[in-house]
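Participant: Each step along the sequence shown adds one to the number in the UniProt record's numbering, with nothing skipped, and position 264 is 264.
Backbone N, C-alpha and C define an ideal beta-carbon position, used for all residues, glycine too.
Take this structure first; my questions come after.
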Amino acid sequence: MKFIESVEQWNIFEIELQASHTFNNPFKDVNLYGEFWNGKESKQMRGFHDGGSTWKLRFMPESQGEYRFRLYSDYGNFEGLEGSFVVAAPSPGNHGPIQVTGTHFSYADGNPFFVMGTTAYAWTYLPEENRLRTLDSFQKYGFNKIRMLVFPKYMRGRGENKEFEISYEPSVFPFEGEPNSFDFQRFCPGYFQNLEDRIMDLLKLGIEADVILFHPYDCWGIDAGMQQDDQLLYINYLIARLSAYRNVWWSLANEFDVDKTPEGKTCVRMDRKDWDLFGATIKANDPHSHLISIHNIPFGFIYPNRDWMTHVSYQHPDTYTLALELKNRYKKPIVNDEYQYEGNIKEEWGNNDSETTVFRHWLSVMAGSYATHGEVIQLNDNEQDLFWAYGGTLIGKSAPRLKFMKQILETCQFQYMERDPLNTEGHHYFTLHRDMKEYLIFCRYDLPGKGLWCGPFDGTELEYEAITYDAWNCKEMGRENVTNTRSLPIKAWTVYHLKYVGQ
């Protein structure tokens with residue numbers, strides 16, 4: 001038995017074991033659990049086979065101090081093994097896993113987390129040079145949540161729009177066997193080791209991995225071939241491997257409601273898989289209680305509220321009124337994880353211009369919710385290397401403007417702000433406020449002769465520090481103190497941040 005004797009809070013503590021016996025199916029023939037406890041918590045973690053004669057258990061300590069552990073197994077060489085280790089204080093930048101705080105998100109240490117997501121579904125199994133450029137793009141533009149698949153992705157343009165083909169294959173598939181004849185009861189550990197390495201790359205950069213368990217865009221017989229017992233074995237194997245990574249989120253599916261008819265046509269249905277069973281399984285078996293969501297197709301169904309669902313992940317071009325409705329209905333954080341992408345392909349989901357992209361993202365914020373960006377820009381008739389699928393280098397005009405947006409939002413007490421209907425017209429301008437102590441105003445279009453009035457209307461004069469931003473050109477335009485007796489002009493792409501100074 002190998003393990004390190006010290007780990008920092010919210011990092012990965014790992015036990016490695018070697019078996020002297022050869023098993024028929026090591027992924028099913030050995031049950032291995034570890035009980036971890038200190039004076040504050042006790043958790044049971046599932047172990048997993050990691051290839052050859054190696055088994056592992058992973059645990060993410062949520063407190064500091066000494067922990068003890070004991071192993072339980074039906075394989076005698078593992079049964080009853082015990083040990084202890086010490087948990088040190090977290091290093092700078094380690095704030096712990098993300099948790100739900102009302103209708104918003106926070107780190108485990110209480111710091112607020114403002115979601116600024118992007119999409120790179122299949123970046124994990126591309127060559128190293130591409131992966132490094134992908135990580136550089138994430139970091140350069142301040143993206144802190146990445147929607148990414150476990151399984152490989154295949155997709156072609158439809159009808160006359162066959163201008164892209166997402167078909168790169170990984171060097172190793174997730175399961176033993178060949179495409180369209182995989183043995184779903186036997187995993188290929190190397191595939192999952194690579195996935196873990198990519199999640200660790202993100203963790204080191206302070207980026208969350210929104211890990212998507214299932215998706216219908218497949219030509220290898222994975223999605224259609226797995227039966228329910230295969231699916232549950234896979235889910236529990238993934239939990240055992242990934243739960244100890246503090247930056248993991250679980251997304252049950254990308255477009256859970258997409259199905260194909262025998263003729264190959266797309267249709268929508270709620271019950272393509274037993275999603276409630278999957279969600280309940282993760283909630284019951286993930287000791288570290290990572291966030292759980294499920295993503296829909298826009299002409300399908302936004303999944304009904306469930307106990308296992310920590311937040312709403314939805315796809316629709318309406319990032320404002322629908323977000324407000326969902327926030328009121330679910331009473332949970334709302335993330336529009338796909339509002340159509342900035343791009344130049346013919347498919348409508350990938351041909352937004354940069355202004356539409358940035359506007360939709362701002363609308364999600366002004367609804368008190370969050371959103372995820374994506375880019376599908378084709379260069380030089382290259383039909384495969386699109387960022388939304390494989391990562392690489394972001395080249396669109398929206399990413400730097402979204403980074404600037406995030407910088408503004410992180411100066412606000414966004415989690416405590418609500419929609420201000422008095423200063424929201426719903427087309428030209430939108431406002432959030434925190435009582436009368438703070439205002440965030442976003443103006444999309446010019447509205448000559450009109451103005452905004454913040455603060456009380458009872459004759460009381462309040463003073464605010466007003467910071468004016470040009471949201472399109474990413475500039476701070478000025479700072480001055482103003483009172484609620486002054487009207488603010490409504491100008492295109494102008495953002496005002498008002499903070500109460502005094503009377």
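1. Return the CA-CA distance between N94 and M60, expressed in angstroms with no decimal places.
2. What are the uninterrupted segments assigned as beta strand (DSSP E) that are 3 or more residues long and contained completely in the stretch 106–153, given in chain order?
3. Compute the distance between the beta-carbons of E255 and H215, then report whether it is under 8 Å.
4. In angstroms with no decimal places, state the Cα-to-Cα distance between K204 and F430.
5. Pick helix, strand or coil for P489, following the three-state DSSP scheme.
6. Judging by CA-CA distance, which residue of A323, W249, Y330, G47 is the nearest neighbour of S293?
7. Would R329 be called buried (16 or more neighbouring beta carbons within 10 Å of its own) or exposed?
8. For A89, does the three-state DSSP call read helix, strand or coil?
9. Taking just the CA atoms, how far does A108 sit from Y237?
10. Is there a Cβ from chain D that is less than 8 Å from the Cβ of D458?
11. So, R58 versus E35, is the Cβ gap smaller than 8 Å?
12. Should E8 and A89 be called a contact, given that it needs their Cβ atoms to be closer than 8 Å?
13. Could you give the DSSP three-state label for S289: helix, strand or coil?
14. I need the DSSP call for A224, collapsed to helix, strand or coil.
15. Alpha carbon to alpha carbon, how far is H290 from W10? Give it in angstroms, no decimals.
16. Considering Cα atoms alone, identify which of L322, P333, A323 is closest to M309.
17. Thinking K56 and E14 are a contact (beta carbons under 8 Å), I'd like their distance in whole angstroms, please.
18. Using three-state DSSP, classify H361 as helix, strand or coil.
19. Please state whether DSSP places G80 in a helix, a strand or coil.
20. Name the one or two DSSP bridge partners that T494 has.
21. Any contact between the stretch 487–494 and the stretch 449–462? By contact I mean 3 or more CB pairs, one from each, below 8 Å.
22. Measure the Cβ-Cβ separation of T101 and A120 and say whether it is below 8 Å.
23. To test your reading of the DSSP string, which unbroken alpha helix (DSSP H) runs of 4 or more residues are found completely within the stretch 154–240?
24. Output yes or no for whether 8 Å exceeds the beta carbon distance between M417 and R401.
25. Could you check where the alpha helix (DSSP H) with M477 kicks off and where it finishes?
26. Alpha carbon to alpha carbon, what distance is there between L462 and P456?
27. Is it true that the CB of G374 sits closer than 8 Å to the CB of Y341?
28. Would DSSP call I282 helix, strand or coil?
29. With DSSP run on the structure shown, which of helix, strand or coil describes M366?
30. Rank S167, L498, S369, S73 by C-alpha distance to the C-alpha of A389 and give the top, closest one.
31. Who are the Cβ neighbours of K28 in its own chain at under 7 Å, not counting the five residues just before and after it?
32. Just verifying my parser: in three-state terms, what is the DSSP assignment at G502?
33. Thinking C-alpha only, which one of R68, V268, P298 is nearest E348?
34. I think S313 touches S354, with their Cβ atoms under 8 Å apart; what is that distance to the nearest whole Å?
35. If A19 and Y75 are in contact, beta carbons under 8 Å, what's the gap, nearest whole angstrom?
36. Which residues in the same chain as A280 place their Cβ atom closer than 7 Å to its Cβ, once the five residues preceding and following it in sequence are excluded?
Facilitator: Taking the geometry as given:
1. Answer to the nearest angstrom: the Cα atoms are 13 Å apart.
2. 116–119, 145–149
3. yes
4. 36 Å
5. strand
6. When A323, W249, Y330, G47 are compared, the shortest CA-CA separation from S293 is found for W249.
7. exposed
8. coil
9. 25 Å
10. Structure shown: chain D not included; a single protein chain is present.
11. no
12. Yes, they are a contact pair.
13. coil
14. coil
15. 12 Å
16. P333
17. 6 Å
18. helix
19. Here G80 sits in coil by DSSP.
20. C443, D470
21. yes
22. Cβ atoms of T101 and A120: not closer than 8 Å.
23. 189–204
24. no
25. Segment 475–483 is the beta strand (DSSP E) holding M477; no alpha helix (DSSP H) there.
26. 8 Å
27. yes
28. The answer is helix: DSSP assigns I282 an H, G or I state.
29. helix
30. Closest by alpha carbon: S167.
31. Q185
32. strand
33. P298
34. Wrong, their Cβ atoms sit about 24 Å apart, outside the cutoff.
35. 7 Å
36. W308
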